[in-house]
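Q: Supplied in structure tokens, the structure appears directly below.
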């Protein structure tokens, strides 16, 4: 394998590792900051409302995803994948061995975009059927 490709691959995996670890540290720190008022109140002997304790100790509730946002992301990702696929045609004239690598990257991006579009459609269908389920 060409040393430049190895350097790019190593850099990519280092980036993925750093982003993953940073996300975990950020989540831990947010949780720790959310529990800090509870710890201080307990140290000072204050009475705590059970609702506040439940809210601080409970998992954060996530709002339901908006299907329109997923659809927008899917369209943008598909368009980016097509753009990278077109780039492969230009790269084929300059660096023929890398043509398939870049084309494959474009195909992966298009597949991710299609997955986002499918997820948006699925969420939209489930949101439309949810009110009917509650009535019945």
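Numbering (our numbering), first residue to last: 5 to 140.
Note that the Cβ used here is the ideal one computed from N, Cα and C, for glycine as well.
#1: Give me, in chain order, the residues of the same chain whose beta-carbon lies closer than 7 Å to that of residue 124; leave out the 5 immediate sequence neighbours on both sides.
#2: Do three or more CB pairs link the segment 112-131 to the segment 78-90 at distances below 8 Å?
#3: Measuring CB atoms only, is the segment 104-114 touching the segment 84-96, in the sense that at least three cross pairs come out at less than 8 Å?
#4: Grouping DSSP H, G and I as helix and E and B as strand, with all else coil, what is residue 36?
#5: What do you get for residue 106, buried or exposed, if any count of 16 or more other CB atoms within 10 angstroms of its CB means buried?
#6: How is the alpha helix (DSSP H) around residue 99 delimited, first residue to last?
#7: Whole angstroms are fine: how far does the CA of residue 97 sit from the CA of residue 38?
#8: Is DSSP giving residue 72 helix, strand or coil here?
#9: Less than 7 Å between the beta carbons of residue 30 and residue 69, yes or no?
#10: Give the DSSP-derived three-state secondary structure of residue 49 in the structure shown.
A: Reading it off the structure:
#1: For residue 124, where only same-chain residues beyond five positions count, the Cβ hits under 7 Å are 71, 74, 75, 78.
#2: yes
#3: yes
#4: helix
#5: buried
#6: Looking at the DSSP string, residue 99 is not in any alpha helix (DSSP H), and its letter there is neither H nor E.
#7: 56 Å
#8: helix
#9: no
#10: coil
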